[in-house]
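Working notes, beginning with the structure itself.
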Amino acid sequence: MTRVLVVEDEPQLVRALEINLKARKYDVDAAADGATALQLAAVQPPDAVLLDLGLPDMDGIEVMRRLRSWCRAPILVVSARNTSDEKVEALDSGADDYITKPFSMDELLARLRVATRRVEPATKSADGGVVTTKSFTLDLLAKKAKRAGNDVRLTPTEWHLLEVLIRNRGRLVSQRQLLQEVWGPSYRTQSNYLRVYMAQLRRKLEADPSHPRYLITAPGMGYRFEV
1 MTRVLVVEDE PQLVRALEIN LKARKYDVDA AADGATALQL AAVQPPDAVL LDLGLPDMDG
61 IEVMRRLRSW CRAPILVVSA RNTSDEKVEA LDSGADDYIT KPFSMDELLA RLRVATRRVE
121 PATKSADGGV VTTKSFTLDL LAKKAKRAGN DVRLTPTEWH LLEVLIRNRG RLVSQRQLLQ
181 EVWGPSYRTQ SNYLRVYMAQ LRRKLEADPS HPRYLITAPG MGYRFEV
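For the sequence shown, the UniProt record's numbering begins at 1 and goes up steadily by one.
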């Protein structure tokens, strides 16, 4: 069973999440503050984390940074903070997705399924799933990325995006196709998701993110991976 750690200090919301998650066969641990969350995660490592940012003892961003020092489980931020800067900070700090309160339970569960979905390696070829460019190297099988000799951490969603683009390297992949493959059919019109995540990938991988060499945008149409 998939174990989900819920880090939230609103008892009613915790109860609603526990009921809905357990009804769908998830194991659930709950923590009302950051310190308890870190202790629970150390004792019983989660497969996914639902993390509020406004916790009573420490900011959720700090909790996430500490978790990210050793935990590779997807982290979905669930927060009332809704400015672009706050969302970008959370994504830069290691979040795999950002869900703004109030939210639909069906939407949260769908995003959780996407975050925990096991993705088959997209590239199975003579190169062993390793893509090498002048700027970075991607090992799709081991899920390891390097830029200028340094390790680069990519989230599961970022890996999934790269895998779809690399599978179609040199060819335009439409926004609709990317959204459907990575987030699911109900997200086919949410092009803002792609803008945020592609910007993140460029910042992490491209030598000049404002003038990308490998992750190319076709305005209003889609994206392609050039080697």
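All C-beta atoms in this analysis are idealised placements derived from N, C-alpha and C, irrespective of residue type, glycine included. Given the structure is predicted, the values throughout are model-derived calculations rather than measurements.
When rounded, the separation of the alpha-carbon atoms in Val-173 and Leu-138 is 19 Å. Its Cα nearest to that of Ala-16, the residue Pro-102 stands out among Gln-180, Leu-165, Leu-179, Pro-102. Distance check between Leu-140 and each of Pro-156, Asp-96, Trp-70 places Pro-156 closest, using alpha-carbon atoms only. Residues Ala-48, Val-49, Leu-50, Leu-51, Ala-95, Asp-96, Asp-97, Tyr-98, Ile-99, Leu-108, Arg-111, Leu-112, Ala-115 of the same chain have their beta carbon placed closer than 8 Å to that of Leu-76, with the five preceding and five following residues left out of the count.
As a beta-bridge residue in DSSP terms, Thr-100 pairs with Ser-79.
When only Cα atoms are considered, Arg-117 and Arg-202 end up about 24 Å apart. The residues Asp-9, Leu-55, Pro-56, Asp-57, in chain order, have a CB closer than 7 Å to that of Asp-33 in the same chain once the five nearest residues on each side in sequence are set aside.
Distance from the CA atom of Glu-181 to the CA atom of Val-164, rounded to whole angstroms, is 8 Å.
Taken in chain order, the complete beta strand (DSSP E) segments of 3 or more residues contained in the UniProt DNA-binding region "OmpR/PhoB-type" (128 to 227) are 130 to 132, 136 to 139, 144 to 147, 150 to 152, 215 to 218, 222 to 225. Bounds of the beta strand (DSSP E) holding Asp-29 are 27 to 31. In the three-state scheme derived from DSSP, where H, G and I count as helix and E and B as strand, Gly-60 is classed as helix. Contact between Pro-46 and Asp-29 holds: CB atoms are separated by about 7 Å, below the 8 Å threshold.
Annotation for Cys-71: Ala-41, Pro-45 place their beta carbon closer than 7 Å to its own, counting only its chain and skipping 5 residues before and after. According to the DSSP assignment, Arg-111 belongs to the alpha helix (DSSP H) that extends over 105 to 116.
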